[in-house]
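Novice: Numbering (our numbering), first residue to last: 685 to 838.
Each residue gets a CB set at the ideal place from its N, CA and C atoms; glycine is no exception.
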Amino acid sequence: MRGNHEQLMINHMKGEDPKGIWLSNGGGKTLRQFEVDQIDPDNYSTWLTDLPLLWENDFVQVSHAGFSGLGDPYDQSNTNGLLWNRNPLINTGKLQVIGHTPRWDGIPKYSQESNSWNIDTGAYGGICLTGIRLADDGTFIETVSIPTETDDIL
């Protein structure tokens with residue numbers, strides 16, 4: 685899935701980041717890691733731009749930040765869209781699974797009102813990385829969480 689940080693990297697690589705937002709949000713460290721490992725960041729440009737904003741089936745929608753009902757959700761500059769939204773989610777009729785807004789208690793949260801799971805458990809901040817396992821129809825099966833490795837923190 686494409687998230688806001690992937691979009692920031694895409695913008696940077698296209699020369700569309702005049703304020704250096706990506707560089708100041710972990711991008712500088714990413715570039716240094718690429719240099720140490722002798723990786724050309726341009727090798728990732730097609731892969732990044734091909735990442736989908738949404739994966740869905742008949743029952744589940746997975747995106748980075750979820751559907752807010754405000755503006756065009758697919759507009760990559762819409763602060764209420766699938767890349768940037770931090771507003772309450774709308775109930776789309778399908779189960780939404782999102783991240784983007786960290787839950788610092790390290791516990792994913794289900795909202796019955798919006799029929800959504802927020803599974804961002806603050807991995808970048810040293811808490812844990814979390815996923816949920818669902819049946820094809822969206823029925824919850826289990827939560828899987830692993831502690832953040834300190835070497836992985838930007």
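Would you identify the three-state DSSP class for Glu-826, choosing helix, strand or coil?
Specialist: Residue state, collapsed to three classes: strand.
Novice: Report yes or no: do three or more beta-carbon pairs, one from the stretch 735 to 755 and one from the stretch 766 to 786, lie closer than 8 Å?
Specialist: Judged by Cβ distances under 8 Å, the stretch 735 to 755 makes contact with the stretch 766 to 786, as three or more pairs qualify.
Novice: What is the rounded straight-line gap between the Cα of Gly-712 and the Cα of Trp-706?
Specialist: Roughly 8 Å separates the two Cα atoms.
Novice: Can you give the Cα-Cα distance for Gly-790 and Gln-717, rounded to whole angstroms?
Specialist: Rounded to whole angstroms, Gly-790 to Gln-717 spans 27 Å at the Cα level.
Novice: Would you call Asn-764 buried or exposed, if buried means 16 or more other Cβ atoms sit within 10 Å of its Cβ?
Specialist: Burial call: buried.
Novice: Would you list the residues sitting across from Glu-740 in a DSSP beta bridge?
Specialist: Glu-740 is bridged to Gln-745.
Novice: Distance check for Val-746 and Asp-820, CA to CA, integer angstroms please.
Specialist: Roughly 13 Å separates the two Cα atoms.
Novice: Would you mind giving the Cβ-Cβ distance between Arg-817 and Ile-825, rounded to the nearest angstrom? I have them listed as a contact below 8 Å.
Specialist: Indeed they touch by this definition, with Cβ atoms about 4 Å apart.
Novice: Taking C-alpha atoms, which residue in Met-697, Glu-740, Asn-741, Asp-804 lies nearest to Trp-731?
Specialist: Residue Met-697 is the option with its Cα nearest to Trp-731.
Novice: Going by beta-carbon coordinates alone, are Leu-754 and Gln-691 separated by less than 8 Å?
Specialist: Cβ atoms of Leu-754 and Gln-691: not closer than 8 Å.
Novice: Measuring alpha carbon to alpha carbon, tell me which residue in Ile-723, Leu-715, Glu-797, Pro-725 is nearest Ile-774.
Specialist: Nearest of Ile-723, Leu-715, Glu-797, Pro-725 to Ile-774, Cα basis: Glu-797.
Novice: Among all the DSSP beta bridges, which residues are the ones paired with Leu-818?
Specialist: DSSP, once it has assigned bridges, lists Phe-824 as partnering Leu-818.
Novice: Which two residues bound the contiguous alpha helix (DSSP H) that contains Leu-779?
Specialist: Element bounds for Leu-779: not the alpha helix (DSSP H) but the beta strand (DSSP E), 779 to 782.
Novice: Secondary structure at Lys-698, three-state DSSP: helix, strand or coil?
Specialist: Lys-698 falls in the coil class under three-state DSSP.
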